[in-house]
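Residue numbers (my numbering): 3 to 245.
Next up, the structure:
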């Protein structure tokens, strides 16, 4: 009886030891990228709204060909990246603007994905991904920092005499001409009354407000301090437009 209990205890101890060893091996097997690995980064947005979010993807590749310099009788060969790292490789992320959710992820098919969430501030978020000795950074414009152009119009632009109202429409675009979502547009005027300011742009980059005046006025729409981040429309009233 005692021999049977002792043998059982020994088997249990051996099984626990093997399990602990296996668990430890799984945790450390792919913690970081192997030596010589490289990282390629991408974001799901060109410009992120100040209170929006974007997926940040780090593709981790094993070391590939180092390439060779040109020789007397042979051209140079470029270096090439290797295949994706093993699934489960740990990639950690940092950012200078906003917050990352989560701050680290493990690779699937070589890709580790986290989400950058805006915190209401505009600027350029510099996101770093690192795994093992491999590092890579990515700059992502957030909010006003991504505005390349603003256009403003009034409908109608020429008003009859008296106290009248027109609709002021501003469109905020990035450098490629895409409308930007969630950009605060500040409206101001030389006279008259602006109903709402600031106004956030919609998914098409549009922000609108009503403007009431009984005299000629200029309305300015601005999103930042740069020359390309403001625009002006002139409103004429009564005799100035032939009324």
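Glycine included, each C-beta is placed from N, C-alpha and C at the ideal position.
Leaving out five residues before and five after residue i in sequence, what residues of the same chain have Cβ atoms less than 7 Å from its Cβ?
| i | result |
| --- | --- |
| residue 29 | Residue placement at residue 29 is poorly supported in this model, since its pLDDT is 39, which falls under 50; the coordinates still yield a value, given next. Result list for residue 29: empty, nothing under 7 Å. |
| residue 119 | 55, 100, 101 and 103 |
| residue 40 | 63, 83 and 136 |
Rounded to whole angstroms, what is the Cα-Cα separation between residue i and residue j?
| i | j | result |
| --- | --- | --- |
| residue 173 | residue 113 | 36 Å |
| residue 225 | residue 77 | 51 Å |
| residue 293 | residue 186 | The question about residue 293 has no answer here: the residues shown for the chain are numbered 3 through 245. |
| residue 1 | residue 115 | Limits of the chain in this structure are 3 at one end and 245 at the other, which puts residue 1 out of reach. |
| residue 49 | residue 203 | 13 Å |
| residue 163 | residue 145 | 39 Å |
| residue 210 | residue 42 | 40 Å |
| residue 53 | residue 61 | 26 Å |
| residue 151 | residue 198 | 21 Å |
| residue 89 | residue 206 | 39 Å |
| residue 230 | residue 105 | 35 Å |
| residue 235 | residue 117 | 39 Å |
| residue 25 | residue 65 | Because residue 25 carries a pLDDT of 39, less than 50, the predicted location of this residue cannot be relied on, and the following value inherits that uncertainty. If you take the alpha carbons of residue 25 and residue 65, they lie about 27 Å apart. |
| residue 175 | residue 74 | 51 Å |
| residue 194 | residue 208 | 22 Å |
| residue 2 | residue 177 | Not covered by the structure: residue 2. The range shown for the chain is 3 to 245. |
| residue 23 | residue 201 | Residue confidence for residue 23 is low, a pLDDT of 41 falling below 50, so the modelled location carries little weight; the figure read from the coordinates is stated next. One C-alpha to the other measures close to 60 Å. |
| residue 2 | residue 126 | In the structure as shown, the chain starts at 3 and stops at 245, and residue 2 therefore has no counterpart that could be examined. |
Grab the span of the beta strand (DSSP E) containing residue i for me, first residue to last.
| i | result |
| --- | --- |
| residue 97 | 92 to 97 |
| residue 153 | 151 to 157 |
| residue 64 | Note, residue 64: premise wrong, no beta strand (DSSP E); not H, not E. |
| residue 213 | 208 to 215 |
| residue 114 | 113 to 119 |
| residue 185 | It is not in any beta strand (DSSP E) - residue 185 carries neither H nor E in the DSSP assignment. |
| residue 236 | 232 to 239 |
| residue 105 | No beta strand (DSSP E) contains residue 105, which DSSP labels as neither H nor E. |
| residue 144 | 136 to 144 |
| residue 133 | 125 to 133 |
| residue 198 | Counting along the chain, residue 198 falls outside any beta strand (DSSP E), and DSSP gives it neither H nor E. |
| residue 2 | Outside the displayed span of the chain (3 to 245) sits residue 2, for which this structure offers no information. |
| residue 110 | Segment: none, residue 110 is in no beta strand (DSSP E) and carries neither H nor E. |
| residue 163 | No beta strand (DSSP E) contains residue 163, which DSSP labels as neither H nor E. |
| residue 221 | 219 to 224 |
Is it the case that the Cβ atoms of residue i and residue j are separated by a distance below 8 Å?
| i | j | result |
| --- | --- | --- |
| residue 87 | residue 36 | yes |
| residue 93 | residue 133 | yes |
| residue 192 | residue 227 | no |
| residue 91 | residue 34 | yes |
| residue 182 | residue 149 | yes |
| residue 128 | residue 154 | no |
| residue 237 | residue 161 | yes |
| residue 51 | residue 184 | yes |
| residue 95 | residue 147 | no |
Since residue i contacts residue j with CB under 8 Å, what's their CB separation in whole angstroms?
| i | j | result |
| --- | --- | --- |
| residue 156 | residue 168 | 5 Å |
| residue 102 | residue 85 | Not really, about 27 Å apart at Cβ, beyond 8 Å. |
| residue 59 | residue 44 | 5 Å |
Keeping to the same chain, check which residues put their C-beta closer than 6 Å to that of residue i; ignore five residues upstream and five downstream.
| i | result |
| --- | --- |
| residue 46 | 56 and 57 |
| residue 189 | 196, 199, 211 and 223 |
| residue 108 | 90 and 92 |
| residue 124 | 52, 144, 145, 146 and 147 |
| residue 31 | Note on residue 31: pLDDT 45, under 50, position unreliable in the model; the coordinate value appears next. Excluding sequence neighbours, residue 31 sits near nothing in its chain. |
Tell me which residues share the same chain as residue i and place their Cβ nearer than 8 Å to its Cβ, disregarding the 5 neighbours each side in the sequence.
| i | result |
| --- | --- |
| residue 166 | 214, 215, 216 and 239 |
| residue 122 | 52 and 53 |
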